[in-house]
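Please read the structure below before turning to the comments.
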Amino acid sequence: MPTIHLDDEDETTLDVGWLVRIIGLEKATELNGQVGSVKRFVIERQRYEVELLNTEDIKLIQARNLEQLPILEEVGIWCKLLEQSNGNASEPLVLRQLERLEEINMTVELLVQTKVGKAMNEFAKRVSNDKPTAANKA
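Every position in the sequence shown, counted from 1, becomes a number in this note's numbering once 1 is added.
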């Protein structure tokens with residue numbers, strides 16, 4: 002995924018696809034604490050486009066109001082979302098989850114604490130069960 006580099010005044014860089022938490026908003030305080038996925042950086046507005054995970058709404062947020070989630074928390078969230086998916090591997094959110102999980106350097110600690118391997122196996126079973134087989138076609 003591409004890395005978004007801001008100007009020299011702000012050293013923050015966030016990769017597309019990373020999960021972030023919205024913090025410190027003074028006007029739209031209801032967004033504080035919500036988690037979203039970085040879509041892109043809108044240069045002319047100097048804000049990140051963030052898709053909220055719970056509503057899929059798109060919000061433009063300044064870098065100072067975003068914090069990258071710790072990797073353990075991010076993998077845990079992706080894992081829960083994968084478990085909740087209906088097994089449709091072509092869903093945009095599922096595709097983003099799989100792409101992001103592929104990028105993460107999985108450690109034994111991550112695998113044990115998040116059980117992401119188990120979630121992936123169960124998801125793969127749901128996907129393969131949804132595919133028609135020769136017996137189902139007859």
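Built from N, CA and C at the ideal position, the CB exists for glycine as well. If you're wondering where the values come from, they're calculated on a predicted model, not measured in any experiment.
A Cβ-Cβ distance of about 6 Å is found for the pair I78 and L20, placing them in contact under the 8 Å criterion. R101 counts as buried, since no fewer than 16 other beta carbons sit within 10 angstroms of its beta carbon. Note that the segment 40–52 does not touch the segment 70–86; fewer than 3 beta-carbon pairs, one per stretch, sit closer than 8 Å. In this structure, L53 lies near V36, with their beta-carbon atoms less than 9 Å apart. In the displayed model, K119 falls within a helix according to three-state DSSP. Judged by DSSP secondary structure, G37 falls within the beta strand (DSSP E) whose first and last residues are 36–43.
Between I62 and V51 a beta carbon distance of about 5 Å is seen, short of the 8 Å cut, so the two are scored as contacting.
For L53, the uninterrupted beta strand (DSSP E) segment begins and ends at 48–53. Beyond the five residues adjoining it in sequence on each side, R97 comes within less than 7 Å, by CB distance, of G18, S38 in the same chain, given in chain order. Excluding its 5 nearest sequence neighbours in each direction, L111 has C-beta neighbours in its own chain below 6 Å: V76, listed in chain order. Rounded to the nearest whole angstrom, the C-alpha separation of P93 and I24 is 26 Å.
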